[in-house]
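Asker: After the structure tokens below, expect a handful of questions from me.
As structure tokens, then:
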């Protein structure tokens, strides 16, 4: 490999390491904002009832929904870093330890978004409770493994917990959890795909039935 090729390879490797480290560093902020906005729905509704102008109320609610749902999607997209093969030596040969339960946290976030996709948590209290429960479990899994795993490496009294909850020192569990999360993603994706196809099929049948009844009514009118 010539000098130009070595420079390009070094640049790509450093860029990959910088990207992984940046996303991993942003995940606590993304998870915190996601949980805060999801749990802030009662406060937003109380404030909404105080609005005396319809336009202001609409802007308030739509802005909240846009930020809440947008952050959930961004957090899910960033969480896919935990589902990639473990980037063991990407930064100057040093091992990168990620939260052990990161893949499961991302899976629970995906399930929460699935509830939003297939139901209406804003109008159905039971669906809202299911979504919040899934989101809270995912956040707890992430923060526990992040605080006591990735961020507790220099605490001697937490060393056994740190070695278990960090992917770098517990690769066997990390690979098993990642596999379970991937299977869960595949099963959930298949469920969403089947549900969408079923909805399209039902919509087509309803449209055909409406067209048939319209033709019968038209024929009856022309017969008279």
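Numbering (my numbering), first residue to last: 61 to 284.
All C-beta atoms, glycine included, are put in the ideal place defined by N, C-alpha and C.
Identify which residue in 237, 259 and 256 has its Cα closest to the Cα of residue 144.
Answerer: Nearest of 237, 259 and 256 to residue 144, Cα basis: 237.
Asker: Where DSSP assigns a beta bridge to residue 159, which residues make up the other side?
Answerer: For residue 159, which the question treats as bridged, DSSP gives the partners 226.
Asker: My assumption, with CB atoms under 8 Å, is that residue 98 sits in contact with residue 195. Please give the rounded CB distance.
Answerer: Sure, about 5 Å apart at Cβ, within 8 Å.
Asker: Does DSSP classify residue 113 as helix, strand or coil?
Answerer: Looking at residue 113 - three-state DSSP - the assignment turns out to be coil, as it is neither helix nor strand.
Asker: Taking 6 Å as the limit between beta carbons, can you name the residues of its chain near residue 166, skipping five residues before and five after?
Answerer: 139 and 142.
Asker: Comparing alpha-carbon positions, which option in 111, 88 and 115 lies nearest residue 132?
Answerer: The shortest Cα separation from residue 132 among 111, 88 and 115 belongs to 88.
Asker: With 16 other CB atoms within 10 Å as the buried threshold, where does residue 123 fall?
Answerer: Classification of residue 123: exposed, given that the 10 Å Cβ count is below 16.
Asker: Restricting to Cα atoms, I'd like to know which of 63, 243 and 162 is closest to residue 207.
Answerer: Checked all of 63, 243 and 162; the closest Cα to residue 207 is 162.
Asker: What residue from 226, 217, 109 and 183 has the CA that sits closest to residue 159's CA?
Answerer: Checked all of 226, 217, 109 and 183; the closest Cα to residue 159 is 226.
Asker: At the level of alpha carbons, what is the spacing between residue 148 and residue 254?
Answerer: Confidence in residue 148 is poor, its pLDDT being 44 and thus under 50, which makes the residue's placement too unreliable to answer from.
Asker: Please list, in chain order, all residues of the same chain as residue 248 whose beta carbon is under 7 Å from its beta carbon, the five residues on each side excluded.
Answerer: Excluding positions up to five away in sequence, the list reads 170, 171 and 174.
Asker: My guess is that residue 157 and residue 199 are in contact by the Cβ rule of under 8 Å, so how many angstroms apart are they, rounded?
Answerer: That pair is no contact at about 20 Å.
Asker: Look up residue 250 in the DSSP assignment and say whether it is helix, strand or coil.
Answerer: Reduced to three states, the DSSP call for residue 250 is helix.
Asker: On the CB-based measure, 16 or more other CB atoms within 10 Å of its CB, does residue 234 come out buried or exposed?
Answerer: Buried is the call here.
Asker: How would you call residue 242, buried or exposed, if buried means at least 16 neighbouring beta carbons within 10 angstroms?
Answerer: Exposed is the call here.
Asker: Is the CB-CB distance between residue 134 and residue 164 below 8 Å?
Answerer: Not a contact, by the Cβ cut-off of 8 Å.
Asker: Three-state secondary structure (DSSP) at residue 216?
Answerer: Of the three classes helix, strand and coil, the one that applies to residue 216 here is helix, per DSSP.
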